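Read through the structure below, which is laid out as C-alpha cells, and then see the notes.
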Amino acid sequence: MGSSSGLLAERRLGLAIGGLFALPIGLLSGFTGVGGGEYRAPVLLALLGRVRWTIAANLFIGLSVGLFNVIFRQAWTLPVEYLGLALLFVPSSLPGAYIGARITKRLSTSVLKGLLAGILIATGLRLILFEVRTGGSLSFDLPSIVLALVLGFALGIVSGLLGVAGGEYRIPALIFLFGV
Numbered sequence: 000m001g002s003s004s005g006l007l008a009e010r011r012l013g014l015a016i017g018g019l020f021a022l023p024i025g026l027l028s029g030f031t032g033v034g035g036g037e038y039r040a041p042v043l044l045a046l047l048g049r050v051r052w053t054i055a056a057n058l059f060i061g062l063s064v065g066l067f068n069v070i071f072r073q074a075w076t077l078p079v080e081y082l083g084l085a086l087l088f089v090p091s092s093l094p095g096a097y098i099g100a101r102i103t104k105r106l107s108t109s110v111l112k113g114l115l116a117g118i119l120i121a122t123g124l125r126l127i128l129f130e131v132r133t134g135g136s137l138s139f140d141l142p143s144i145v146l147a148l149v150l151g152f153a154l155g156i157v158s159g160l161l162g163v164a165g166g167e168y169r170i171p172a173l174i175f176l177f178g179v
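The letter at position 156 of the sequence shown is residue 155 when you use numbering that gives the first Met the number 0, and the numbering goes up by one with no holes.
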C-alpha cells in the first residue's frame, strides 16, 4: 500500500468494510454452494474504485471460494452422472470466459458498470421472484449434452465479461433443465 491513491481499500475504514461484508458473503456462498461474485462485486467496486480491478479481484476470490466449496462439500463423492454433467459445462465455459474477457477490454467503464448493475439486478429479481424446485431424472441424450455445452459457453461469457462465476445461474439451470 505504498503511496495513497485515495482508494477506500487503502484506508483502515475500507479494510473494516471489506471484512464486515466478507463474512456474511462467505457464509451465503457456503450455504448456497456458489462463489458469491454477484454479492461481492458492489463491495469490491466501492473498495477498489475501478471496474476492471473489481472484475479481476472478484474472479480470484471466486476461484478460491469455489475451490473450498468443492473440497468441503466433497464434490468427488457425487453420483457419476452429476459429475459428468458438471464436467460438460467446463469445456465450453472456458472459451466463453476467454471471449467475455476479450469483450471486456473493448468496453468502456460506464458500459461495464451498466452490465454489472444489470446482472446484479437480474440476480436479485431471480432470487426474489423464482422458487427453485428439484427437477426430474438426469438424462445424457444428445439434446441434453448440447444444452449443457451451450449453457456452459453462455455462462462462461458472463463470467469473463463481469467477473462472476455464474453459480446463481448454473444451479437453477442444473435443477430446471437437467433435474439435478
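C-beta: ideal position from N, C-alpha, C; glycine also. Note that the structure is a prediction, hence the values are computed from the model and not measured.
Would you please state the rounded distance, in angstroms, between the beta carbons of K112 and V50? I believe it to be under 8 Å.
6 Å
For F129, which of helix, strand or coil comes out of DSSP?
coil
Host alpha helix (DSSP H) of F71 (start-end)
V50 to F71
Endpoints, alpha helix (DSSP H) assigned at T103:
V79 to R105
Would you call the CB atoms of A45 and L7 closer than 8 Å?
yes
Contact the stretch 158 to 175 vs the stretch 26 to 43: 3+ CB pairs below 8 Å:
yes
Let me know if G123 comes out buried or exposed under the rule of 16 or more other beta-carbons within 10 Å of its beta-carbon.
exposed
Span of the alpha helix (DSSP H), counted from its first residue to its last, around E167:
G166 to F177
Could you pull out every residue in the same chain whose Cβ sits closer than 6 Å to the Cβ of I170, ignoring the five residues on either side in sequence?
none
Does the stretch 52 to 65 come close enough to the stretch 139 to 157 to have 3 or more Cβ pairs within less than 8 Å?
no
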